[in-house]
Structures are given as C-alpha cells and as structure tokens.
Amino acid sequence: MNIFVGSLPFSIEEADLRESFEAYGTVDSVKVITDKFTGRSKGFGFVEMPNDSEAQKAIDELNGAVVSGRTIVVNKSEPKPEGERRSFNNNRGGDSRGGYGNSRGGNDRGNRGGY
Numbered sequence: 003m004n005i006f007v008g009s010l011p012f013s014i015e016e017a018d019l020r021e022s023f024e025a026y027g028t029v030d031s032v033k034v035i036t037d038k039f040t041g042r043s044k045g046f047g048f049v050e051m052p053n054d055s056e057a058q059k060a061i062d063e064l065n066g067a068v069v070s071g072r073t074i075v076v077n078k079s080e081p082k083p084e085g086e087r088r089s090f091n092n093n094r095g096g097d098s099r100g101g102y103g104n105s106r107g108g109n110d111r112g113n114r115g116g117y
C-alpha cells in the first residue's frame, strides 16, 4: 500500500521516517519530497508497505502523532484521476506572438522586415 505522510518537520530524514513505519511492518520504500532547486523538504512524503494490514495499522497509529513538534497526517495515498492533473499554460492566455498581436489587427509589434 502506498501511504501519504504530510505535515512532516522539514528536518526529517528518510531514514527517520522509515524507522517510524518499520515499527509496524516491512517497508519497501520511503521518499521525502524535496524542492528540486533548494533540496529542502516540502514537508510531505510517501511510504510503500507491501502488507496492507500492517500498512493500515501504521496509518491508524501514526495519523495525528506528533513528530518534532508537528502533528503529522498519515493516510492511504490515492492516485489522482487523470483528468484532474493541472497543466501549466506558460502563455497565460496570450497568443503565440507573445501577446502583442490581436485578432482585430492594428496592434502588431512584430518584425516589419527591417524597420
């Protein structure tokens, strides 16, 4: 079972998280999610446990537990349905000419052949 762990202290290491869950059974993997630019924890992660009953016991026991002064959130991770994923539009609603053109004409600041 894939388990979401949120509200983690930013200082927590994957080894610490693994140790907390291994008290309830076998842990296949642990991943604390980090910012790709700073490397700092984003305050959440995922734990994979192969035995569903052990995983459920860990969820029941650890949800609401206090770790380094923070009350953590632990629940079964459900994948987002494909249609709910956000896509980012870097164009921000403008047109392909960087927002200078307009469909009524007259506002084109594009290249005018060397002017």
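Quick note, the sequence shown lines up with residues 3 to 117 if you use this note's numbering. Quick reminder that beta carbons are idealized off the backbone N, C-alpha and C, glycines included. These numbers were taken from a predicted model, which means no experiment stands behind them.
Reduced DSSP category for residue i - H, G, I as helix; E, B as strand; rest coil
i, result
"residue 50", "strand"
"residue 61", "helix"
"residue 34", "strand"
"residue 55", "helix"
"residue 23", "helix"
"residue 66", "coil"
"residue 85", "helix"
"residue 16", "helix"
"residue 9", "coil"
"residue 4", "strand"
Cβ pair residue i, residue j closer than 8 Å
i, j, result
"residue 37", "residue 51", "no"
"residue 7", "residue 47", "yes"
"residue 5", "residue 57", "yes"
"residue 20", "residue 32", "yes"
Selection from the options that minimises the alpha carbon distance to residue i
i, options, result
"residue 80", "11, 45 and 49", "49"
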